[in-house]
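Here is the structure we will look at.
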Amino acid sequence: MAATEGLFVLEGRPTAQLIADQLREQIVQGIFRPGEQINESAMASRLHTSRGPLREALQRLCQEGILVNHRNRGVFVLDLTTEDIKEIYAVREAVEIAAASTLLDGRKEQITDTCDVLQGIIKDMAKQVAVSDWQAIARLDMQFHTSFVAGTGNSRLIRIYETLAAESRMCILRLEVSYPRVDVLVQEHQNILDLLEARDRRGLQNAIKRHMQKAVEDLTASR
């Protein structure tokens, strides 16, 4: 199958987690398109693995929500609807606001360390915006937000956000040819960082809400 050309052959003993991680990355990069069926036989052959670990990997991705199992038809890449997008960003907003409160209630050093990480990501993002590398922009966009949540040290918030991050990258990559606000993308993230650094709780919460709401508007504008 054509979409598997970007996959590398697993070395050593393949595991379901390794397969799931690789397939997830290929899906969010758009190598597997929304609505495309995952051919289990072809995939197992390409990866030189048995059906057992592959099926377990596919089940993991179905549980995460980026694959859908249609009974008697097979497994397909999720084709995100407008309602899916709204739900994803509503939950992201809730998690990031919770993360903001956790950070602001935590140690000063925790905020400083998180801000240092976020500033480095913003610098990289600005470079990729300048050369219009959309794959890199999408990756760095989500890296910023996952690092923001990871700064809390709360393992459950982090785990919840990992699934949202994969779905969000699938959304973001759809904007490659039509994103109307690429010129303010870096500015929006810098604003969130500045408010965190200033310990401005209300301002930070409002900035997160606006950021998520604008993303939903952009993602659903042409649907």
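Take the position in the sequence shown, starting the count at 1, then add 6; the result is the number in this note's numbering. Even for Gly, the Cβ is constructed at its ideal location relative to N, Cα and C.
A Cβ-Cβ distance of about 26 Å is found for the pair Ile33 and Ile214, leaving them out of contact under the 8 Å criterion.
Checking the DSSP bridge columns, you'll see Ile164 has no partner listed. Under the three-state reduction of DSSP, Asn197 is assigned to helix. Between the alpha carbons of Cys68 and Phe154 lies a distance of about 26 Å. Bounds of any alpha helix (DSSP H) do not take in Asn45, whose DSSP letter is neither H nor E. Phe82 sits in a strand when the DSSP states are folded into three classes. Residue pairing by DSSP leaves His54 without any beta bridge partner. For Val34, there is no enclosing beta strand (DSSP E); the enclosing alpha helix (DSSP H) covers residues 22-34. Cβ atoms of Leu53 and Ile25 come within 8 Å of each other, at about 7 Å. In this structure, the straight-line span from the alpha carbon of Lys92 to that of Arg66 is close to 23 Å.
Distance from the CA of Arg98 to the CA of Glu115, rounded to the nearest whole angstrom, comes to 25 Å.
Counting C-beta pairs closer than 8 Å gives fewer than three between the region 71-87 and the region 116-133, which falls short of the contact rule. Within 10 angstroms of the beta-carbon of Arg162 lie fewer than 16 other beta-carbons, which makes it exposed. One thing to note: Leu110 has its Cβ within 8 Å of the Cβ of Arg205. For Arg208, same chain residues with a beta-carbon under 7 Å away, outside a window of 5 residues either side, do not exist. Counting along the chain, Val74 sits inside the beta strand (DSSP E) bounded by residues 73-76. Per the coordinates, the alpha-carbon of Val74 lies some 21 Å from the alpha-carbon of Ser51.
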